[in-house]
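Asker: The listed protein sequences derive, respectively, from chains A and B. In short: position in the first sequence from 1, add 42, done, that's the working numbering. In short: position in the second sequence from 1, add 192, done, that's the working numbering. Every residue gets a Cβ at the ideal spot worked out from N, C-alpha and C, and that includes glycine. Note that the structure is predicted; figures quoted are calculated from it, not measured.
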Amino acid sequence: MVALSLEREAPAPRDRAARAALTSRALVVLLIVVSVLSLGTGAAGLSLFGMARDLISGEGLSQRDQVILMDIRLPRLAMGLLIGAALAMSGALMQGLFRNPLADPGIVGVGAGAGLGAVLAIVLGGLLPVGLAALVGTHLVPVAAFLGGWASTLLLYRVATKGGQTSVATMLLAGIALGALAGALTGILVYLADDTQLRDLTFWNMGSLAGASWAKLGASLPLILPVLLLSPLLARGLNALALGEAQATHLGIHVETVKRLAILGVAAAAGAAVAVAGGIGFIGIVVPHLLRLATGPDHRYLLPNAALLGASLLVGADMIARVIVSPAELPIGIITATIGAPVFLWILLKRRGLGGL
Amino acid sequence: MLEVSSLSACLSGRPILHGINLTAAPGTVTAIVGPNGSGKTTLLRALTGDLSYAGTARLNGHEVSETPARRMAAIRAVLAQSTQLAFPFTVDEVVRLGLTSGVQTEGDNLPGRALEKVGLSGYGPRDVQTLSGGEQARVHLARVLVQVWEPVTHQGPRWLFLDEPVAALDIGHQLTVMTLARAYADAGGGVVAVMHDLNLSAMFADHIALLLDGRMLAQGAADTVLTDAHLSRAYGCAVRVNAVPARGPWLVPQAMAG
């Protein structure tokens with residue numbers, strides 16, 4: 043991993059600031075490298091050198107190459123970058139909000155709620171009136187998944203908020219219950235599904251960027267981009283929140299506003315990501331962890347760097363997914379889980395030495 | 193000026209505080225004392241805006257429950273009984289959180305000077321989570337000091353609200369911290385502290401408020417509040433107060449009554 047050092051002694055804050063800036067630059071370089079590699083990787087044997095040669099010699103790309111590049115690889119790259127950044131950012135936001143480095147949208151039921159929405163659309167979508175079905179078209183599953191994630195977040199917030207105060211503990215527990223409920227309802231729907239639907243469900247569930255298209259990108263961008271751009275504004279509030287809600291308030295933070303915005307950001311980014319790419323796990327937990335080890339927990343650096351590293355990591359994982367069983371491809375969720383779960387366990391083992399989570 | 197009148201408060205629907213009246217002037221240290229469960233911390237939470245209350249509690253003329261967090265943060269800082277940090281921040285990063293409200297500007301190495309005051313010079317780069325309980329308590333005190341560094345600004349006096357500031361400290365650092373609080377008051381700021389140690393309270397506080405079962409049992413100068421009768425009633429054990437010359441009341445608990 044570029045620019046990540048895992049020293050035990052925490053670096054001084056000024057060093058940390060400098061190191062965070064350095065890390066940002068390294069992550070941008072990593073992002074560019076991974077992106078270029080990704081464009082040159084795939085089943086069609088379209089090489090970067092070949093494309094560069096064609097472009098430089100003035101011949102231009104062949105029509106086949108152009109189609110592969112513009113309609114397949116570029117939208118896929120863009121989706122990978124966007125979804126990766128969204129997953130890492132939503133994880134970092136959620137962890138700051140819950141004051142727990144192991145929190146993740148998947149844990150508070152946002153992922154499960156979005157999943158229920160998607161499954162609902164896959165299994166019962168055929169029952170929609172023809173006119174409406176034509177109107178939403180291929181957007182049905184993404185839109186339903188986003189609505190499911192959003193609804194579960196709102197419901198969760200209602201349950202966990204009393205007198206304007208949100209209890210993080212209640213919210214976590216309610217999230218677990220909500221996730222179980224969404225899982226049970228999803229189970230019923232899966233039971234009802236026919237063979238074709240089951241196949242769709244399985245692939246959606248494992249997570250994939252295979253269906254990437256400019257249209258899907260267009261559907262998720264308006265949800266994810268504002269979160270990526272505006273989240274850093276919450277950094278100071280989330281830093282103060284690390285002391286606890288009361289003490290953050292004593293420091294002059296309007297805690298309820300910070301919490302509401304963070305929840306909204308998480309629902310938008312994670313819901314949209316689940317909607318277009320299915321269940322891609324571990325990015326949201328692993329990326330912020332690695333960055334905390336490298337540059338400390340200050341959200342002013344953590345949030346933007348998480349977006350950068352998340353984007354690179356997902357595009358990298360997608361590249362592996364495409365070449366490892368070429369010309370077929372693995373669902374990307376399998377890759378991120380294979381890489382992410384051991385890293386997660388390793389983090390747990392290291393934390394165990396420090397006493398508790 | 194802190195003006196509390198007829199303040200009552202509940203925790204989970206159970207009444208804890210009943211008709212508390214209390215006035216604390218800037219330039220003084222007020223100690224809130226009383227046995228466990230007497231409502232000391234609940235009173236402090238009401239005064240710092242953490243808990244809704246009936247009655248009034250005005251700080252520099254602002255009703256605490258109706259004043260936005262940002263404005264309150266400009267005139268008072270609060271040291272909690274204990275703080276569980278969620279992430280491995282360094283000492284310096286935590287102390288800098290005192291600058292969050294943006295009211296107190298960084299100035300001339302303010303975090304470094306605050307750390308020096310609490311006896312933690314050179315601890316800046318250390319991970320707070322690896323420090324001892326007493327050291328962590330002092331880190332947070334430094335953060336609180338940074339938040340309201342000047343005891344008096346053109347907007348009036350500023351305040352320190354401290355919940356058991358010396359509970360985790362050894363005797364040397366207890367004196368360090370109480371001396372800091374005293375100096376803050378002497379420079380024109382106000383200090384309100386929940387205290388368990390009656391002797392330290394007697395040594396450093398101008399005004400002592402003794403709570404029992406959510407009611408004010410007695411308040412005033414140390415020698416009028418810390419009497420055998422009051423303390424025996426409040427703490428349910430025999431206490432003998434002796435006057436140490438020039439230091440006011442001094443007491444030791446008596447293991448055996450009589």
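Give the DSSP bridge partners of THR248(B), in chain order.
Answerer: Here residue 248(B) refers to the residue found at position 56 of the second sequence. DSSP output for THR248(B) lists SER197(B) as bridge partner(s).
Asker: Look at the Cβ atom of ARG330(B), then the Cβ atom of LEU209(B), and state whether they are nearer than 9 Å.
Answerer: Here residue 330(B) refers to the residue found at position 138 of the second sequence. Here residue 209(B) refers to the residue found at position 17 of the second sequence. No, they are not a contact pair.
Asker: Could you tell me the alpha carbon to alpha carbon distance between ALA265(B) and ALA120(A), rounded to whole angstroms?
Answerer: As a first step, residue 265(B) must be located in the second sequence, where it is residue number 73. As a first step, residue 120(A) must be located in the first sequence, where it is residue number 78. ALA265(B) and ALA120(A): Cα-Cα distance of roughly 44 Å.
Asker: Name the DSSP bridge partner or partners of THR282(B)?
Answerer: As a first step, residue 282(B) must be located in the second sequence, where it is residue number 90. According to DSSP, which records beta bridges pairwise, THR282(B) is partnered with ASP319(B).
Asker: Within 10 angstroms of its Cβ, does LYS232(B) collect 16 or more other Cβ (buried), or is it exposed?
Answerer: As a first step, residue 232(B) is located in the second sequence; it is residue number 40 there, counting from the start. So LYS232(B) counts as buried.
Asker: Check whether the Cβ of ARG206(B) lies closer than 9 Å to any Cβ atom in chain A.
Answerer: Position 14 of the second sequence, counting from 1, holds the residue named residue 206(B). Not one chain A Cβ lies under 9 Å of ARG206(B).
Asker: For the segment 311-339 of chain A, which residues have a CB atom closer than 8 Å to at least one CB atom of chain B, in sequence order?
Answerer: Here the close residues are ARG334, GLY338, PRO339.
Asker: Please report the straight-line C-alpha distance between LEU194(B) and LEU418(B), rounded to a whole angstrom.
Answerer: What you label residue 194(B) is simply residue 2 of the second sequence in a count that begins at 1. What you label residue 418(B) is simply residue 226 of the second sequence in a count that begins at 1. Going by the C-alpha atoms only, they are around 22 Å apart.
Asker: Buried or exposed: which applies to GLN328(B), given that a residue is buried once 16 or more other Cβ atoms fall within 10 Å of its Cβ?
Answerer: Taking the second sequence and counting its residues from 1, the one referred to as residue 328(B) is at position 136. So GLN328(B) ends up on the buried side.
Asker: Please name the residue, chosen from LEU276(A), SER273(A), LEU332(A), LEU139(A), that lies closest to TRP388(A) on a Cα-to-Cα basis.
Answerer: Within the first sequence, numbered from 1, the residue matching residue 388(A) stands at position 346. Ranking the options by Cα distance to TRP388(A), first place goes to LEU332(A).
Asker: Under 8 Å by Cβ, that's how I've got SER204(B) and GLY247(B) pegged, so tell me the actual separation to the nearest angstrom.
Answerer: Within the second sequence, residue 204(B) is the residue found at index 12, counting from 1. Within the second sequence, residue 247(B) is the residue found at index 55, counting from 1. Not really, about 19 Å apart at Cβ, beyond 8 Å.
Asker: Give the residues of chain A in contact with THR347(B), contact being defined as C-beta atoms less than 9 Å apart.
Answerer: Numbered from its first residue, the second sequence carries residue 347(B) at position 155. What sits at residue 347(B) in the sequence shown is Gln, not Thr. The contacting residues do not exist; GLN347(B) stays about 14 Å from chain A at best.
Asker: Just to confirm, is the Cβ distance from VAL165(A) to LEU231(A) under 9 Å?
Answerer: Along the first sequence, one-based indexing puts residue 165(A) at 123. Along the first sequence, one-based indexing puts residue 231(A) at 189. Going by C-beta atoms, VAL165(A) is nearer than 9 Å to LEU231(A).
Asker: Any C-beta of chain A within less than 9 Å: which residues of the segment 214-245 of chain B qualify?
Answerer: Answer in chain order: ARG237, THR240, GLY241, ASP242, SER244.
Asker: Quick check: PRO330(A) and PRO117(A), are their CB atoms within less than 9 Å of each other?
Answerer: By one-based count along the first sequence, residue 330(A) stands at place 288. By one-based count along the first sequence, residue 117(A) stands at place 75. It is not a contact, given that the beta carbons lie outside the stated cut-off.
Asker: At what residue ranges does the segment 319-395 of chain B contain a whole run of the beta strand (DSSP E), taking only runs of 3 or more?
Answerer: 351-355, 382-386, all fully within the segment 319-395 of chain B.
Asker: Let me check understanding here. Comparing Cα to Cα, which of PRO274(A), LEU234(A), ALA254(A) lies closest to LEU162(A)?
Answerer: Looking up residue 162(A) in the first sequence gives position 120. Out of PRO274(A), LEU234(A), ALA254(A), LEU234(A) has the C-alpha closest to the C-alpha of LEU162(A).
Asker: Name the residue from ARG95(A), LEU275(A), SER354(A), GLY225(A) whose alpha carbon lies nearest to the alpha carbon of VAL71(A).
Answerer: Here residue 71(A) refers to the residue found at position 29 when the first sequence is read from its first residue. The shortest Cα separation from VAL71(A) among ARG95(A), LEU275(A), SER354(A), GLY225(A) belongs to SER354(A).
Asker: What residues of chain B sit near PRO143(A), judged by a beta carbon separation below 7 Å?
Answerer: The sequence position of residue 143(A) within the first sequence is 101, counting from 1. Residues of chain B passing the Cβ test: PHE279.
Asker: Starting from the beta carbon of ARG374(B), find every residue of chain A whose beta carbon is closer than 9 Å, and list them in chain order.
Answerer: As a first step, residue 374(B) must be located in the second sequence, where it is residue number 182. The premise fails here: ARG374(B) is roughly 22 Å from chain A at the closest Cβ pair, so nothing lies under 9 Å.
Asker: Taking its Cβ as the centre, do 16 or more other Cβ atoms sit within 10 Å of ALA128(A), making it buried, or is it exposed?
Answerer: Here residue 128(A) refers to the residue found at position 86 of the first sequence. Answer is buried; the Cβ neighbour count reaches 16.
Asker: Hey, GLY352(A) and ALA130(A) are a contact pair by Cβ (cut 8 Å); roughly how many whole angstroms apart?
Answerer: Position 310 of the first sequence, counting from 1, holds the residue named residue 352(A). Position 88 of the first sequence, counting from 1, holds the residue named residue 130(A). Sure, about 2 Å apart at Cβ, within 8 Å.
Asker: What three-state label does DSSP hand GLY206(A) in the structure shown?
Answerer: Locating residue 206(A) in the first sequence gives position 164, where the first residue counts as 1. Caution applies to GLY206(A), whose pLDDT of 47 falls short of 50 and renders its modelled position unreliable; the value that the coordinates give is listed next. It is coil, neither helix nor strand.
Asker: If you measure beta-carbon to beta-carbon, which residues of the segment 274-292 of chain A are closer than 7 Å to chain B?
Answerer: Listed by position, the residues of the segment 274-292 of chain A near chain B (Cβ gap below 7 Å) are ARG278, ASN281, ALA282, ALA284, LEU285, GLY286, ALA288, GLN289, THR291, HIS292.
Asker: Would you kindly report the start and end of the unbroken alpha helix (DSSP H) that includes ASN347(A)?
Answerer: In the first sequence, the residue the question calls residue 347(A) occupies position 305. Unbroken alpha helix (DSSP H) run through ASN347(A): 341-365.
Asker: Spell out a yes or no on whether the segment 365-384 of chain A and the segment 357-372 of chain B are touching, meaning 3 or more CB-CB pairs, one atom from each, closer than 8 Å.
Answerer: The segment 365-384 of chain A is not in contact with the segment 357-372 of chain B.
Asker: Under 7 Å between beta-carbons, which chain A residues line up against LEU289(B)? List them in chain order, please.
Answerer: Indexing the second sequence from 1 puts residue 289(B) at position 97. Per Cβ cutoff of 7 Å: ASN281, ALA282, LEU285, LEU293.
Asker: Taking only the alpha-carbon atoms, compute the straight-line gap between ARG61(A) and THR337(A) and give it to the nearest angstrom.
Answerer: Position 19 of the first sequence, counted from the first residue, corresponds to residue 61(A). Position 295 of the first sequence, counted from the first residue, corresponds to residue 337(A). Answer to the nearest angstrom: the Cα atoms are 6 Å apart.
Asker: With a 10 Å radius around its C-beta and 16 neighbouring C-beta atoms as the bar for buried, classify LYS392(A) as buried or exposed.
Answerer: Along the first sequence, read from residue 1 onward, the residue named residue 392(A) stands at position 350. Exposed, by the Cβ-count rule.
Asker: Indicate whether at least one CB of chain B lies closer than 9 Å to the CB of ARG302(A).
Answerer: Your numbering for residue 302(A) matches position 260 in the first sequence. Not an interface residue.
Asker: Listed from N- to C-terminal order along the chain, which residues in the segment 290-319 of chain B have their beta-carbon within a distance smaller than 8 Å of any beta-carbon of chain A?
Answerer: Here the close residues are GLY290, THR292, SER293, GLY294, VAL295, GLY316, PRO317, ARG318, ASP319.
Asker: Nearest-angstrom Cα distance between GLY279(A) and ALA309(A)?
Answerer: The residue given as residue 279(A) occupies position 237 in the first sequence. The residue given as residue 309(A) occupies position 267 in the first sequence. Roughly 18 Å between the two C-alpha positions.
Asker: Cα separation between HIS296(A) and ARG262(B)?
Answerer: Against the first sequence, residue 296(A) aligns to sequence position 254. Against the second sequence, residue 262(B) aligns to sequence position 70. One C-alpha to the other measures close to 7 Å.
Asker: In the DSSP assignment, find the unbroken alpha helix (DSSP H) run with LEU306(A) in it and report its ends.
Answerer: In the first sequence, the residue the question calls residue 306(A) occupies position 264. Looking at the DSSP string, the run of the alpha helix (DSSP H) that includes LEU306(A) is 297-319.
Asker: Is there at least one Cβ from chain A nearer than 9 Å to VAL331(B)'s Cβ?
Answerer: The sequence position of residue 331(B) within the second sequence is 139, counting from 1. So, not an interface residue.
Asker: What separation, rounded to the nearest whole angstrom, lies between the Cα atoms of VAL338(B) and PRO280(B)?
Answerer: Position 146 of the second sequence, counted from the start, is the residue given in the question as residue 338(B). Position 88 of the second sequence, counted from the start, is the residue given in the question as residue 280(B). Rounded to whole angstroms, VAL338(B) to PRO280(B) spans 20 Å at the Cα level.
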